[in-house]
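Everything on this sheet refers to the single structure shown next.
Number of protein chains: 2
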Amino acid sequence: MNTPLDKVDWALLDALQEDARLSYNELSRRVHVSAPTVAQRVRRLEAAGVIQGYHARVDPTAAGRPVIALVRMKCYGARCITVHPELLADCPEVMEVVRLTGDICSVVKVAAPTIRALEQLLERLSRYGETSSAMVLSTPIDWRPVAPPTE
Amino acid sequence: MNTPLDKVDWALLDALQEDARLSYNELSRRVHVSAPTVAQRVRRLEAAGVIQGYHARVDPTAAGRPVIALVRMKCYGARCITVHPELLADCPEVMEVVRLTGDICSVVKVAAPTIRALEQLLERLSRYGETSSAMVLSTPIDWRPVAPPTE
DNA sequence: GATGAAAATCGCCATCG
DNA sequence: CGATGGCGATTTTCATC
Numbered sequence: 696m697n698t699p700l701d702k703v704d705w706a707l708l709d710a711l712q713e714d715a716r717l718s719y720n721e722l723s724r725r726v727h728v729s730a731p732t733v734a735q736r737v738r739r740l741e742a743a744g745v746i747q748g749y750h751a752r753v754d755p756t757a758a759g760r761p762v763i764a765l766v767r768m769k770c771y772g773a774r775c776i777t778v779h780p781e782l783l784a785d786c787p788e789v790m791e792v793v794r795l796t797g798d799i800c801s802v803v804k805v806a807a808p809t810i811r812a813l814e815q816l817l818e819r820l821s822r823y824g825e826t827s828s829a830m831v832l833s834t835p836i837d838w839r840p841v842a843p844p845t846e
Numbered sequence: 696m697n698t699p700l701d702k703v704d705w706a707l708l709d710a711l712q713e714d715a716r717l718s719y720n721e722l723s724r725r726v727h728v729s730a731p732t733v734a735q736r737v738r739r740l741e742a743a744g745v746i747q748g749y750h751a752r753v754d755p756t757a758a759g760r761p762v763i764a765l766v767r768m769k770c771y772g773a774r775c776i777t778v779h780p781e782l783l784a785d786c787p788e789v790m791e792v793v794r795l796t797g798d799i800c801s802v803v804k805v806a807a808p809t810i811r812a813l814e815q816l817l818e819r820l821s822r823y824g825e826t827s828s829a830m831v832l833s834t835p836i837d838w839r840p841v842a843p844p845t846e
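One line per chain: the protein sequences are A and B, in this order.
Each residue of the first sequence is one higher than the last, beginning at 696 in this note's numbering.
Each residue of the second sequence is one higher than the last, beginning at 696 in this note's numbering.
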């Protein structure tokens with residue numbers, strides 16, 4: 696079902712991206728739409744896959760994983776981790792994997808407790824392809840909400 | 696205040712990373728700790744900066760921004776966007792900026808509505824440094840919770 | 001940190017515009 | 001398709017142990 700998102704949908708998405716814990720009543724006040732309508736809209740957005748989940752954002756450093764890195768992968772053909780992400784199911788250090796165009800197969804974002812743990816993960820990743828890693832010094836922009844496409 | 700996270704803290708972090716909309720009562724049931732204690736713990740985690748926010752995760756493609764890319768930047772000295780992220784305040788396409796060690800200054804994650812919009816953003820970014828971009832074909836691992844560091 | 005209760009809030013159903 | 005009203009259930013918080 697591909698009915699485009701209207702003004703109310705985007706107001707709800709804005710609010711819930713900013714604070715996922717807002718109640719339907721509170722959303723109703725902010726968006727100036729009745730609470731039952733809010734609940735219906737939000738459930739529709741969830742069912743349509745527009746909203747994929749609600750998550751607390753945890754600071755990896757404060758949580759004991761201060762070693763952040765980006766690992767560029769050039770996988771060996773069929774063992775490409777982008778087609779077998781389940782290979783990394785038991786690697787809690789792996790936060791994100793994106794598959795790319797170009798000579799870099801994928802980029803893996805990693806959050807490890809220690810340099811040593813990062814080293815071990817790189818060894819593991821090197822089974823699947825050539826790795827090239829860079830440490831994350833800081834995150835000037837950590838997170839941004841998805842904004843309505845202005846057309 | 697740097698008191699390390701205990702078992703209860705991690706149970707709460709796990710639950711709230713998985714579903715940020717759980718009530719304190721529901722958390723109380725899952726973590727087997729009384730509701731007032733849950734509320735107190737969660738507020739402490741928020742105040743300590745361990746929990747940085749609660750966000751709905753929105754699928755950029757479903758929300759009208761299907762053109763995702765990673766842009767590697769080699770900034771021109773002082774104009775480096777990692778030290779002046781406010782230069783990108785009015786670029787809703789920019790989702791994330793990480794500063795890196797190595798010859799790549801930073802990587803910028805972008806979600807644009809169209810190829811044309813991506814092109815325009817690249818023009819803008821090229822004012823600050825050399826850009827090298829790769830399209831995101833897919834995201835085999837989109838998101839992972841921060842897990843307790845096993846030591 | 002647990003308990004218990006009180007006040008406020010929330011979510012949902014049926015109904016109506 | 002959205003708004004209103006009201007009910008019951010849930011939640012949050014306070015004081016106390």
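All residues carry an ideal CB built from backbone N, CA and C; glycine is no exception.
Any C-beta of chain B under 8 Å from that of residue i
i              : result
S833 (chain A) : yes
M830 (chain A) : yes
D754 (chain A) : yes
P731 (chain A) : no
V728 (chain A) : no
L850 (chain A) : Here chain A covers residues 696 to 846 and nothing more, so residue 850 (chain A) does not appear.
Y719 (chain A) : no
V766 (chain A) : no
V789 (chain A) : yes
R760 (chain A) : yes
V802 (chain A) : yes
Contacts around residue i, its chain only, beta-carbon distance under 8 Å, and the 5 residues preceding and following it disregarded
i              : result
V737 (chain B) : L707, L711, Y719, L722, I746
D798 (chain A) : K769
R760 (chain A) : E788, A806, A807, P808
C-alpha distance - residue i paired with residue j, whole-angstrom precision
i              : j              : result
H750 (chain B) : G748 (chain A) : 8 Å
C770 (chain A) : A764 (chain B) : 19 Å
H779 (chain B) : R811 (chain A) : 32 Å
L820 (chain A) : S827 (chain A) : 10 Å
V803 (chain A) : V789 (chain B) : 19 Å
L816 (chain A) : P808 (chain A) : 11 Å
V753 (chain A) : A757 (chain B) : 25 Å
R739 (chain A) : D785 (chain B) : 30 Å
R725 (chain B) : V733 (chain B) : 11 Å
L813 (chain A) : C800 (chain A) : 20 Å
G668 (chain B) : W838 (chain B) : Residue coverage of chain B in this structure runs from 696 to 846, which leaves residue 668 (chain B) outside it and unanswerable.
E741 (chain A) : D701 (chain A) : 15 Å
E713 (chain B) : P755 (chain A) : 16 Å
T845 (chain B) : T796 (chain A) : 35 Å
I776 (chain A) : T777 (chain B) : 30 Å
R767 (chain B) : V762 (chain A) : 20 Å
Q735 (chain A) : E818 (chain B) : 41 Å
L717 (chain A) : L717 (chain B) : 11 Å
Min CB distance residue i to chain A below 8 Å
i              : result
I836 (chain B) : yes
Q815 (chain B) : no
T796 (chain B) : yes
V841 (chain B) : yes
L820 (chain B) : no
Q735 (chain B) : no
V703 (chain B) : no
G824 (chain B) : no
G772 (chain B) : no
L722 (chain B) : no
R716 (chain B) : yes
A706 (chain B) : no
A743 (chain B) : yes
T777 (chain B) : yes
V793 (chain B) : yes
I810 (chain B) : no
6 Å CB neighbourhood of residue i in its chain, flanking five on each side removed
i              : result
V728 (chain B) : V703
A715 (chain B) : Y749
A829 (chain B) : L765
A730 (chain B) : Y719, N720, S723
Own chain residues within Cβ distance below 7 Å of residue i, not counting five before or after
i              : result
W705 (chain B) : P843
T679 (chain A) : Lying before the first or after the last residue shown, residue 679 (chain A) is absent from chain A, which here runs from 696 to 846.
Residue from the options whose Cα sits closest to the Cα of residue i
i              : options                        : result
I836 (chain B) : A:V802, A:Q735, A:T756, A:E791 : A:E791
L782 (chain A) : A:G744, A:Y823, A:T809         : A:Y823
T698 (chain B) : B:V733, B:G744, B:D714, B:D709 : B:G744
P840 (chain A) : A:V793, A:D709, A:T796         : A:D709
R774 (chain A) : A:L832, A:V831, A:R716, A:E825 : A:E825
R794 (chain B) : A:L795, A:T796, A:L832, A:I776 : A:L832
Beta strand (DSSP E) segments (min. 3 residues) lying fully within the segment 701-776 of chain B: 746-753, 762-770
Minimum length 4: unbroken alpha helix (DSSP H) runs contained in the segment 820-846 of chain B: none
Runs of beta strand (DSSP E) lying entirely within the segment 785-813 of chain A, each at least 3 residues, in chain order: 789-795, 801-807
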